[in-house]
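Last residue of the sequence shown: 1391 in the working numbering, with the numbers rising by one and none dropped. Worksheet for the structure shown next.
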Amino acid sequence: VAIPSGIQVFAWIATIAKGKLRLTVPSLYVLGFLFIFVLGGLTGVMVAVVPFDWQVHDTYFVVAHFHYVLFGGMVFPLFAAFYYWMPMISKKPLSKRLGIWVFGLIFTGFNVTFFPMHATGLLGMPRRVYTYPAGLGWDSLNMVSTIGAFAIAAGVIVLLIDLARNFRFSTDDNAGNIWNAGTLEWLPSGHYSVRSIPIVTSREPLWDQAHLADDVEAGRYYLPGAPTGRRETLITSPIDAQPQHLLQLPGPGWSPLLSAVFTAAFFLLLTGKFVMPAMICGVLAIALMIKWLWATDPGPSHEPVEIGGGITVPVYDTGTSSHSWWAMVVLIVVAAAIFSSLIFSYLFLWTVAPEGWPAADRLPAPPYPLLAAGLLAVSSALIAYASRSLEKSAAWPLRVSLLLAVPLIGAAFGFELYGQLQAELRPTDSGYAAVVYTMVAFQGFYAFVLTLMALYTVARSFRGLLNSKRRATFDNTMLLWHYGVAQALVALALVHGFPRLLG
């Protein structure tokens, strides 16, 4: 933590030193952030020293450290951003005079509140106590902290007064770029966002391209209109930002909102142990997501369109040029990171409790993992065959391959689960058993998700929404399928091979 954080802090200081800092209200919060966050980092280095941590563990010293890091590292930057971007959504900016008062009260109040807690903790006051006897030497320090807390509250009250006086929501007639900032978010924009997509040649285009704002508003750059009549944006190359194709975006609808509501309800109801209502909300969320997704792959619905400057681009693309392909790759990277942490947990548990590992004769019989691995490999081969069929626009081989792959991946999960049960291993037996069943559950989860994706892909094929050119949906299914199979094979090799290697 210390090394990357130190590099960040020196980079921020160098940025400020290189520029010409003006003491605006956002700048004050940035400086306050640097001071408080660095102080919190220094106390963090202190508690990393074992003898010192032995003294202050679970005391108010740790409370002070946490708040210097969290309040300094998050709250102050949020206030800076709040003041900085407020003119973008308000007819009037917030008052500089009141903003300085807000900063002064919060900055002073914070330090008056939490700095004495370092001493309170060193004097032995534990965390999470609501009362204590007098005469321990904590009374005066806690009174000072209380006064500081009221100062923070006073700063928030002044901010609310400032908001009531000056905030008037508007995007078309906002206060504008009062900071003379050079970045693109300060371009004139209405509900439609920018009138045209500009060509930028530097990090501060509004400073370096004098007429950029006027040219954007006049439609002199890319995509001044809507060639397909829908919401659109440009997909560009990652390095030099050359336009590659036009992406048609989803329109307004209730499905995304309701799917988010039911997803939140699913998790909230589970926390209250309302299992059946949670399951109903989960099913509704999935159904609404599928309904929403149905319209997100419109295919090459138009001939290549002109986007400005005499440049013509296609309105659809697949493979590595598709944004959804890269989104799936990122998802797979995240999934692999999660699975890697599970592998680490498995191996770490072996290092600290090797006696919990079963002998080779207590493991599931070899036919179970071998059958599971074979079924997984065949399912992946069927998906590869489906891909080749789609290249030839052969619909039925595609559908049959997908429909055959679904029971195979489900059966692979079933054989692995049944093998563990036959070996009389139960999830609650030990830490080893818990990790093994977590890996089995992972395989089951991927089997469920891939089943949904395969059936969804088959449904699109039956509706004529899948062919050699319009294949983004299938490509995403194929990518996740191959990853899911690879992950399951690694899990099988680890769970069944590692204990046997140990003898």
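The C-beta atom is built at its ideal place from N, Cα and C for all residues, glycine as well. In this text, all values refer to a predicted model and were calculated from it rather than measured experimentally.
- Taking a C-beta distance under 8 Å as the contact criterion, S1125 and Q1132 qualify as a contact pair.
- In the three-state reduction of the DSSP assignment, L1134 falls in the strand class, which pools E and B.
- W1142 counts as exposed, since fewer than 16 other C-beta atoms from the protein chains shown sit within 10 angstroms of its C-beta.
- Using a C-beta cut-off of 8 Å, the segment 1251-1263 makes contact with the segment 1296-1305, since at least three inter-stretch Cβ pairs fall below that distance.
- Distances from the alpha-carbon of A1272 to those of F1155, L1181, L1368, R1250 put L1368 closest.
- T1316 is positioned such that its CB atom lies no closer than 8 Å to that of L1230.
- With a contact defined as Cβ atoms closer than 8 Å, T1206 and R1359 qualify at about 5 Å.
- Under DSSP, the beta-bridge partners assigned to P1014 are T947.
- In the same chain as P1093, and ignoring 5 residues on each side of it, the C-beta atoms closer than 8 Å to its own belong to G1070, T1071, L1072, P1086, L1100, in chain order.
- A distance below 7 Å between beta-carbons, with the five flanking residues on each side excluded, links A969 to no residue of its chain.
- For G1196, the enclosing beta strand (DSSP E) begins and ends at 1193-1196.
- DSSP, reduced to helix, strand and coil, places V937 outside both helices and strands of the structure shown, so it counts as coil.
- As computed with DSSP, T1124 is found in a beta bridge with P1131.
- Between the segment 1104-1124 and the segment 1147-1159, the count of Cβ pairs shorter than 8 Å is below three; the stretches do not touch.
- The distance from the Cβ of Y956 to that of L927 is about 5 Å, consistent with a contact at the 8 Å cut-off.
- A contact is defined here as three or more CB-CB pairs under 8 Å, and the segment 1364-1381 meets this definition with respect to the segment 1207-1219.
- Around the beta carbon of W1284, fewer than 16 other beta carbons lie within 10 angstroms, which makes this residue exposed.
- A Cβ-Cβ distance of about 4 Å is found for the pair S1147 and L1176, placing them in contact under the 8 Å criterion.
- Cβ contact annotation for P1192 (same chain, cutoff 8 Å, sequence separation greater than five): T1200, V1201, P1202, V1203, in chain order.
- The alpha carbon of P975 has as its nearest neighbour, out of F940, V913, V950, the alpha carbon of V913.
- Taking a C-beta distance under 8 Å as the contact criterion, L1270 and A1293 qualify as a contact pair.
- Cβ-Cβ separation between A1039 and L1075: approximately 39 Å, too far for a contact (criterion under 8 Å).
- As DSSP reads the structure, F1057 sits in a beta bridge with S978.
- DSSP places I1066 outside any beta strand (DSSP E), giving it a letter other than H or E.
- F898 is positioned such that its CB atom lies no closer than 8 Å to that of I924.
- For G1036, the CB contacts under 6 Å within the same chain, skipping 5 residues up- and downstream, are G997, V1000, T1001 in chain order.
- The Cβ atoms of T1184 and P1138 lie closer than 8 Å to each other.
- By the neighbour-count criterion, in which a residue is buried when 16 or more other Cβ atoms sit within 10 angstroms of its Cβ, R1056 is exposed.
- DSSP places V1323 inside the alpha helix (DSSP H), whose first and last residues are 1319-1350.
- DSSP places Y1109 in the coil class of the three-state scheme, outside both helix and strand.
- Scanning G894, V1032, I901, T1159 for the CA closest to the CA of M1005 turns up V1032.
- Under the 10 Å beta carbon count, G1023 is surrounded by fewer than 16 other beta carbons and is classified as exposed.
- Residue pairing by DSSP places I1085 opposite Y1110 in a beta bridge.
- The DSSP-derived three-state label of V889 is coil.
- In this structure G1009 touches A952 by the C-beta definition: roughly 7 Å separates them, less than 8 Å.
- The residue from P1014, F1003, A1223 with its alpha-carbon nearest to that of F1330 is A1223.
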